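See structure below.
In our numbering, the protein residues as written are 34 to 350.
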């Protein structure tokens, strides 16, 4: 079972309110020999459950357990305003920059507490590389965190394209980025049915079913996934689905990058073009998950993806 952790990010946000972020930790048999700590950020409409699903009759849907068995320390984090983390009230609009600030502070504390031996009870001090692993919105946030705060030694960005597609019937087409975000917010509100003053939304899964699962995931697994779906801040959800929003950050990532996309359908119109966005990285790897839709951790070849990441990390950190 995962260990529950809590990180106080109040000072980093600086709004004067008490803000904490929740996380689950998965430990290998010998933590001191771990190749790295993997800090995992989930996408929109997901929380840390994306990295650890226990489904009766359907074993093998836990990235956290799989990678811990491969020797890694795995920490799955809930963004601010998501899952068991605090809902900011007076910190401003819940956009990606606010969420990235909180996530970066969590990573900083993971590093410092692990080195001091205070991260997890019984875990001796360890100084290990830290690798950011993000899916969808979590991949966008991992990119932003690294570009702005340089807290990772490498990043694995799963299911997120710079020119994102396949989310809405029409892409935002305004010239100004903020205008495009506003267009996307309007589309998101219409899709989810939330009111103009609502801060969070949940998009109907039926609308996203084909993109998420590509017709290859058992219905019982889809039902289990839907049962634990999370809301997402409206502003962050709009920003992450606005084509080009993350484009200014990708050249600032100067560590090795692992990119993965579903081979059947995903949010990049051309996965083979994605590596060219990371012009500051010395090492960019592209992997397509066979038969997979956007949510790779439910795909039939998820284990092959996880093993690929497990083998990739020691080659770059």
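Every residue gets a Cβ at the ideal spot worked out from N, C-alpha and C, and that includes glycine. Please read all numbers here as calculations on a predicted model, not as lab measurements.
Counterpart residues of residue i in DSSP-defined beta bridges
i, result
"residue 294", "321"
"residue 41", "53"
"residue 191", "168 and 293"
"residue 106", "70"
"residue 36", "58"
"residue 266", "233"
"residue 143", "Beta-bridge pairing links residue 143 to no other residue."
Residue j beta carbon less than 8 Å from that of residue i
i, j, result
"residue 135", "residue 112", "yes"
"residue 72", "residue 195", "no"
"residue 368", "residue 180", "Residue 368 is absent from the structure shown; the chain starts at 34 and stops at 350."
"residue 124", "residue 53", "no"
"residue 236", "residue 338", "no"
"residue 148", "residue 108", "no"
"residue 266", "residue 127", "yes"
"residue 300", "residue 176", "no"
"residue 288", "residue 187", "yes"
"residue 80", "residue 115", "yes"
"residue 106", "residue 158", "no"
"residue 192", "residue 51", "no"
"residue 294", "residue 302", "no"
"residue 11", "residue 218", "A question about residue 11 goes unanswered here, because the residues of the chain that appear run from 34 up to 350."
"residue 240", "residue 220", "no"
"residue 350", "residue 317", "no"
"residue 129", "residue 174", "yes"
"residue 343", "residue 321", "no"
"residue 110", "residue 132", "no"
"residue 67", "residue 97", "no"
"residue 358", "residue 138", "With the chain running from 34 to 350 in the structure shown, residue 358 is simply not present."
Which of helix, strand or coil DSSP assigns to residue i
i, result
"residue 71", "strand"
"residue 162", "coil"
"residue 334", "coil"
"residue 83", "helix"
"residue 201", "coil"
"residue 255", "helix"
"residue 153", "coil"
"residue 63", "coil"
"residue 91", "strand"
"residue 223", "helix"
"residue 326", "coil"
"residue 125", "coil"
"residue 78", "coil"
"residue 96", "helix"
"residue 249", "coil"
"residue 349", "helix"
"residue 344", "helix"
"residue 303", "coil"
"residue 182", "helix"
"residue 196", "coil"
"residue 217", "helix"
"residue 239", "helix"
"residue 274", "coil"
"residue 175", "helix"
"residue 113", "coil"
Closest Cα partner of residue i within the set the options
i, options, result
"residue 64", "122, 153, 131 and 55", "153"
"residue 314", "47, 183, 219 and 304", "183"
"residue 257", "55, 91 and 39", "91"
"residue 89", "160, 255, 208 and 140", "255"
"residue 229", "240, 215, 241 and 238", "215"
"residue 264", "160, 137, 68 and 120", "120"
"residue 12", "96, 130 and 140", "One cannot answer for residue 12 here, as it falls past the ends of the chain, which runs 34 to 350."
"residue 261", "238, 143, 277 and 104", "238"
"residue 331", "86, 342, 47 and 46", "86"
"residue 34", "48, 101 and 43", "101"
"residue 209", "94, 74, 277 and 156", "277"
"residue 56", "83, 212, 231 and 211", "83"
"residue 319", "46, 211 and 345", "345"
Near the ligand MG: residue i beta-carbon under 7 Å from a heavy atom
i, result
"residue 281", "Looking at this structure, you won't find the ligand MG or any other ligand, since it has none at all."
Inter-stretch contact (C-beta, 8 Å, three-pair minimum) for the region 310-318 and the region 272-286: yes
The region 164-172 in contact with the region 264-274 per 3-pair CB rule at 8 Å: yes
Cβ pair count under 8 Å reaching 3, the region 324-333 against the region 243-257: yes
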